[in-house]
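Chemist:
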Ligand code: 3HC
């Protein structure tokens, strides 16, 4: 089926980015939040990114207005009625996601596809929590969504070839590069990225180098855009800890086991950029 109207569940960091790129590509995009203040915060993030884009000369004022014109913020599931694709980007909790899918399925048409942006939960388990497991798949975006080119298109055990193709087409239509990923913990990118980040923490704990030197080593020695500690702070230590635990549960391999220092930092509330302190300090 062809997709013209998209609904995004959640207008947090990922949801707002997904809604933005969808609207920029010309899709009528509804973005849903649980309450007005969360919605205003998310819409404000989109407006700021677009305004910065205009200020940097990356986007015309007309392009900004067209994107805003394609976006509708809402707190009512009923407004998603006309959507042909729903992309869920809410809290990483299976029960909460299933509740959201039930509310979606009460209003959308029988052909509507549902995709989850989960980074680590089983897409097959989430698909099984809907009445349309063959019309369900994963669209895993990367932070910051408007700047990162990749989308992992994840096939659950039940995803039909037609659904997978439609999700690949959508990813291309919004200007992203899709790669096909299996429904295995961490898909492709986090399966490789997370052990690397955890290893950097182990190296720090063993006194291999300072935070700054390890970051500089990987940035300048390997050409990575960010060193591992800058990236950990950027992604969020709590998010990394959550994903590592899921990967460890899935594979039972020590490379996925969260190091004690990561656990202690999360317990201390040192979550990275979002809390003002992680491996670095941030002025808020
Ligand atoms: N509108 C339009 N363009 C903009 C923009 C805006 N508001 N803000 C920035 N840009 C453009 C810039 O003009 C620049 O374009 P250019 O390359 O043509 O000059 C480009 O975007 C980069 O922007 P900046 O120069 O401001 O910033 P940096 O060069 O420092 O790059 C970054 C920032 C893209 C975040 C880079 O540091 C990076 O790639 N970091 C790694 C991020 C990463 O690894 N993300 C994945 C995390 S893992 C994940 O998300 C998975 C999850 O499951 C955990």
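Numbering (my numbering), first residue to last: 534 to 817.
Ideal placement from N, C-alpha and C gives every residue a C-beta, glycine not left out.
Exposed or buried, residue 695, counting other C-beta atoms within 10 Å across all chains shown (16 or more means buried)?
Modeler: On the chain shown, residue 695 is found 162 positions in, with the first residue counted as 1. Under this definition residue 695 is an exposed residue.
Chemist: Give me the residue from 679, 677, 676, 703 with the minimum Cα distance to residue 670.
Modeler: Locating residue 670 in the chain shown gives position 137, where the first residue counts as 1. The shortest Cα separation from residue 670 among 679, 677, 676, 703 belongs to 703.
Chemist: Compute the Euclidean distance between the alpha carbons of residue 541 and residue 624, then round it to the nearest angstrom.
Modeler: In the chain shown, residue 541 corresponds to position 8, counting from 1. In the chain shown, residue 624 corresponds to position 91, counting from 1. Their backbone Cα atoms lie some 13 Å apart in a straight line.
Chemist: Measure the alpha-carbon distance for residue 599 versus residue 557 and round it to whole angstroms.
Modeler: The sequence position of residue 599 within the chain shown is 66, counting from 1. The sequence position of residue 557 within the chain shown is 24, counting from 1. Each residue's Cα considered, the two are about 7 Å apart.
Chemist: Compare the C-alpha of residue 707 against each of 678, 776, 723, 727 and name the closest.
Modeler: Residue numbering aside, residue 707 sits at position 174 when the chain shown is read from its first letter. Comparing Cα positions, the closest option is 678.
Chemist: Check whether the Cβ of residue 768 sits closer than 7 Å to any heavy atom of ligand 1, and report yes or no.
Modeler: In the chain shown, counting from the first residue as 1, residue 768 sits at position 235. Yes - ligand 1 has a heavy atom lying nearer than 7 Å to the Cβ of residue 768.
Chemist: Quick check: the Cα distance between residue 633 and residue 665, rounded to an integer number of angstroms?
Modeler: Position 100 of the chain shown, counting from 1, holds the residue named residue 633. Position 132 of the chain shown, counting from 1, holds the residue named residue 665. Straight-line Cα distance between these residues: approximately 14 Å.
Chemist: Could you pull out every unbroken alpha helix (DSSP H) segment of at least 4 residues lying fully inside the segment 600-646, listed in chain order?
Modeler: Listed in chain order, the complete alpha helix (DSSP H) runs (minimum 4 residues) inside the segment 600-646 are 627-638.
Chemist: Over what stretch of residues does the beta strand (DSSP E) that includes residue 542 continue unbroken?
Modeler: Indexing the chain shown from 1 puts residue 542 at position 9. Residue 542 -> beta strand (DSSP E) spans 538-542.
Chemist: Give the single residue among 650, 749, 561 whose Cα lies nearest to the Cα of residue 630.
Modeler: If you number the chain shown from 1, residue 630 lands on position 97. Here the closest residue by C-alpha is 650.
Chemist: Just the Cα atoms here: how many angstroms apart are residue 685 and residue 539?
Modeler: Numbered from its first residue, the chain shown carries residue 685 at position 152. Numbered from its first residue, the chain shown carries residue 539 at position 6. Cα-Cα distance, rounded: 18 Å.
Chemist: As a quick exercise: from 544, 762, 765, 683, pick the residue whose alpha carbon is nearest that of residue 721.
Modeler: By 1-based counting over the chain shown, the position of residue 721 is 188. The candidate whose alpha carbon is nearest that of residue 721 is 683.
Chemist: Quick check: residue 562 and residue 603, are their CB atoms within less than 8 Å of each other?
Modeler: Here residue 562 is taken as the residue at index 29 of the chain shown, counted from 1. Here residue 603 is taken as the residue at index 70 of the chain shown, counted from 1. One thing to note: residue 562 has its Cβ within 8 Å of the Cβ of residue 603.
Chemist: Flag residue 626 as yes when its Cβ comes closer than 7 Å to any non-hydrogen atom of ligand 3, and as no otherwise.
Modeler: As for ligand 3, it is missing from this structure, which binds only ligand 1.
Chemist: Would you grab the beta carbon distance between residue 811 and residue 764 for me? Rounded to a whole angstrom, and I think it's under 8 Å.
Modeler: Taking the first residue of the chain shown as 1, we reach residue 811 at position 278. Taking the first residue of the chain shown as 1, we reach residue 764 at position 231. About 10 Å separates the Cβ atoms of residue 811 and residue 764, ruling out a contact at the 8 Å cut-off.
Chemist: Considering residue 563, what are the terminal residues of the beta strand (DSSP E) in which it resides?
Modeler: To locate residue 563, count along the chain shown from 1; it is residue 30. Per DSSP, residue 563 belongs to the beta strand (DSSP E) from 561-565.
Chemist: Would residue 565 and residue 618 be called neighbours here (beta carbons separated by less than 8 Å)?
Modeler: Position 32 of the chain shown holds residue 565. Position 85 of the chain shown holds residue 618. It is not a contact, given that the beta carbons lie outside the stated cut-off.
Chemist: Would you say the beta carbon of residue 592 comes nearer than 7 Å to a heavy atom of ligand 1?
Modeler: Mapped onto the chain shown, residue 592 falls at position 59. Yes; taking the cut-off as 7 Å, the Cβ of residue 592 has a heavy atom of ligand 1 nearer than that.
Chemist: Which residues does DSSP pair with residue 686 in a beta bridge?
Modeler: In the chain shown, counting from the first residue as 1, residue 686 sits at position 153. DSSP lists 672, 713 as partners of residue 686.
Chemist: Out of 615, 594, 546, which one is the CA nearest neighbour of residue 577?
Modeler: What you label residue 577 is simply residue 44 of the chain shown in a count that begins at 1. Nearest option by C-alpha distance: 546.
Chemist: Our contact map puts residue 769 next to residue 807 with C-beta atoms below 8 Å; I'd like the distance itself, whole angstroms only.
Modeler: Here residue 769 refers to the residue found at position 236 when the chain shown is read from its first residue. Here residue 807 refers to the residue found at position 274 when the chain shown is read from its first residue. Residue 769 to residue 807, Cβ: 6 Å. Contact.
Chemist: Give me the Cα-Cα distance between residue 748 and residue 639, rounded to the nearest whole angstrom.
Modeler: Here the question's residue 748 lines up with position 215 in the chain shown. Here the question's residue 639 lines up with position 106 in the chain shown. Here the alpha carbon of residue 748 sits roughly 48 Å from the alpha carbon of residue 639.
Chemist: Going by CA-CA distance only, name the one from 805, 740, 689 that's closest to residue 659.
Modeler: As a first step, residue 659 is located in the chain shown; it is residue number 126 there, counting from the start. The shortest Cα separation from residue 659 among 805, 740, 689 belongs to 689.
Chemist: Is any heavy atom in ligand 1 found nearer than 7 Å to the beta carbon of residue 652?
Modeler: Start at 1 with the first residue of the chain shown, and residue 652 comes out as number 119. The answer is yes for residue 652.
Chemist: Classify residue 711: buried if its beta carbon has 16 or more other beta carbons within 10 angstroms, exposed otherwise.
Modeler: The sequence position of residue 711 within the chain shown is 178, counting from 1. Residue 711 counts as buried, since no fewer than 16 other beta carbons sit within 10 angstroms of its beta carbon.
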